[in-house]
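In this note's numbering, the protein residues as written are 47 to 412.
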RNA sequence: GUGCCCAUGGUGUAACGGUUAACACAGCGGUUUGUGGUACCGCUAAUUCGGGUUCGAUUCCCGAUGGGCACC
């Protein structure tokens, strides 16, 4: 299901194709985030224009809203949002960690309060797999315990132990729910900034055996150097033939560094969230060399009279027709169109960046 | 016309006879890594004018100007 087409000779980058029931995913890939079943502000027509191979949904959010009863009526979250290609769903482990002030971690699951209404819920490895089975996502994630990377050793070890235990339970649950293995299951390596714990986590997960391996618990407050250190270490130990997914990362330079370390898949809120706050990404040159991109804050006063196009090189019609001054105005009057245009721009940038990486790997130049 | 009330950043409101006049919104800039459209952090910016009382007035008094209400 994962085929490596080419391995770089000048870095550890790989070019590959991951097949799911819904299509082919060309790696290295960036997966735009549609946490709640929508890439915020974009319709399926917008998504078709951007044409990502795969997008991300989230078990925690979709389970709470709209809830599984609604999704069941549609057969899958893909049907619900009218998106035909691949969807990866995160398990909700990270959300329980990041969103809930009150949570109780137990050996068999985690109790937390909903970020929407404070109601109490209990996630277990089995329940999370049942939920993802209802969502019918092409790639599903195990329930993990995400710790602050600066937690003490004892906490990290405990988190790691539970993560491995739950990964095993998730695999067994998925086997019952999806006996034909229609959808893929990825495990999540934890261990904070400790190379030893990362290695231990990976080893335990590989022994269980998964369709892919994700690196979790990074880019949660540590420096780039600390993150790269862990990344460079753990990617060397990850199974060669399985896809590798660095969760939640990152800025363009983070992704480039990770691809050079052999990571194949990425997701991040940066392009879409920052778009909504007016920061927009643009290429400065047609390669991926140092300083290949720049950002602007379209809400800055200097754009109020800027008649230049939002992005003359964009394939999205609105972006090569509307001016920066107009988009600036849309932000100032808080029109939803502002969010849509800037989101389109940034996701197009990220997808184009990944495409350039794939081309360069193919040419032996990355 | 007479009486009463009001006047503080761009806007709407606080405060007090005594350090640097507070807050919200707007404005300007920044932050954002398994989502923050609603969030977070900075910055700019005001006591209507002229007199008086007082060691000291945005505050108390008088007048001017502007606005509001009531009555004739």
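Idealized CB from N, CA, C, for every residue including glycine.
When the Cα atoms are used, what is the spatial distance from residue i to residue j?
{"i": "residue 404", "j": "residue 73", "result": "7 Å"}
{"i": "residue 370", "j": "residue 204", "result": "51 Å"}
{"i": "residue 92", "j": "residue 390", "result": "8 Å"}
{"i": "residue 192", "j": "residue 108", "result": "20 Å"}
{"i": "residue 184", "j": "residue 66", "result": "6 Å"}
{"i": "residue 245", "j": "residue 290", "result": "15 Å"}
{"i": "residue 271", "j": "residue 153", "result": "33 Å"}
{"i": "residue 171", "j": "residue 60", "result": "31 Å"}
{"i": "residue 242", "j": "residue 175", "result": "29 Å"}
{"i": "residue 358", "j": "residue 365", "result": "7 Å"}
{"i": "residue 385", "j": "residue 225", "result": "42 Å"}
{"i": "residue 187", "j": "residue 349", "result": "42 Å"}
{"i": "residue 214", "j": "residue 233", "result": "9 Å"}
{"i": "residue 360", "j": "residue 68", "result": "27 Å"}
{"i": "residue 56", "j": "residue 410", "result": "8 Å"}
{"i": "residue 128", "j": "residue 84", "result": "10 Å"}
{"i": "residue 112", "j": "residue 162", "result": "11 Å"}
{"i": "residue 207", "j": "residue 190", "result": "10 Å"}
{"i": "residue 363", "j": "residue 356", "result": "10 Å"}
{"i": "residue 48", "j": "residue 223", "result": "22 Å"}
{"i": "residue 268", "j": "residue 119", "result": "42 Å"}
Report the partner residues of residue i according to the DSSP bridge assignment.
{"i": "residue 340", "result": "328"}
{"i": "residue 48", "result": "64"}
{"i": "residue 355", "result": "369"}
{"i": "residue 185", "result": "134, 230"}
{"i": "residue 316", "result": "Its beta-bridge partners do not exist; DSSP assigns none."}
{"i": "residue 167", "result": "158"}
{"i": "residue 70", "result": "65"}
Could you spell out where the beta strand (DSSP E) holding residue i opens and where it closes?
{"i": "residue 178", "result": "From DSSP, residue 178 is part of no beta strand (DSSP E) but of the alpha helix (DSSP H) over 171 to 181."}
{"i": "residue 103", "result": "100 to 104"}
{"i": "residue 231", "result": "230 to 235"}
{"i": "residue 76", "result": "75 to 77"}
Helix or strand or just coil, what does DSSP make of residue i?
{"i": "residue 252", "result": "helix"}
{"i": "residue 286", "result": "coil"}
{"i": "residue 110", "result": "helix"}
{"i": "residue 157", "result": "strand"}
{"i": "residue 309", "result": "coil"}
{"i": "residue 323", "result": "coil"}
{"i": "residue 149", "result": "strand"}
{"i": "residue 53", "result": "strand"}
{"i": "residue 268", "result": "coil"}
{"i": "residue 412", "result": "coil"}
{"i": "residue 362", "result": "coil"}
{"i": "residue 297", "result": "coil"}
{"i": "residue 292", "result": "strand"}
{"i": "residue 85", "result": "coil"}
{"i": "residue 273", "result": "helix"}
{"i": "residue 243", "result": "helix"}
{"i": "residue 334", "result": "coil"}
{"i": "residue 278", "result": "helix"}
{"i": "residue 80", "result": "coil"}
{"i": "residue 115", "result": "helix"}
{"i": "residue 304", "result": "helix"}
Does the distance from the CB of residue i to the CB of residue j come in under 8 Å?
{"i": "residue 63", "j": "residue 78", "result": "no"}
{"i": "residue 231", "j": "residue 220", "result": "yes"}
{"i": "residue 393", "j": "residue 96", "result": "yes"}
{"i": "residue 288", "j": "residue 257", "result": "yes"}
{"i": "residue 266", "j": "residue 354", "result": "no"}
{"i": "residue 140", "j": "residue 149", "result": "no"}
{"i": "residue 122", "j": "residue 182", "result": "yes"}
{"i": "residue 374", "j": "residue 341", "result": "no"}
{"i": "residue 351", "j": "residue 325", "result": "no"}
{"i": "residue 327", "j": "residue 285", "result": "no"}
{"i": "residue 274", "j": "residue 303", "result": "yes"}
{"i": "residue 99", "j": "residue 70", "result": "yes"}
{"i": "residue 438", "j": "residue 412", "result": "Nothing about residue 438 can be read from this structure; the chain reaches only from 47 to 412."}
{"i": "residue 333", "j": "residue 58", "result": "no"}
{"i": "residue 202", "j": "residue 238", "result": "yes"}
{"i": "residue 251", "j": "residue 283", "result": "no"}
{"i": "residue 217", "j": "residue 254", "result": "yes"}
Which stretch, first to last residue, makes up the alpha helix (DSSP H) that contains residue i?
{"i": "residue 132", "result": "Where residue 132 is concerned, there is no enclosing alpha helix (DSSP H), although the beta strand (DSSP E) it sits in stretches over 132 to 136."}
{"i": "residue 139", "result": "139 to 144"}
{"i": "residue 386", "result": "382 to 408"}
{"i": "residue 124", "result": "123 to 126"}
{"i": "residue 28", "result": "Summary: the structure shown does not reach residue 28, with the chain confined to residues 47 through 412, and so no result is reported for it."}
{"i": "residue 205", "result": "199 to 223"}
{"i": "residue 95", "result": "90 to 96"}
Is any non-hydrogen atom of the ligand MG found closer than 7 Å to the C-beta of residue i, if you look at the structure I gave you?
{"i": "residue 264", "result": "The model depicted lacks the ligand MG and carries no ligand whatsoever."}
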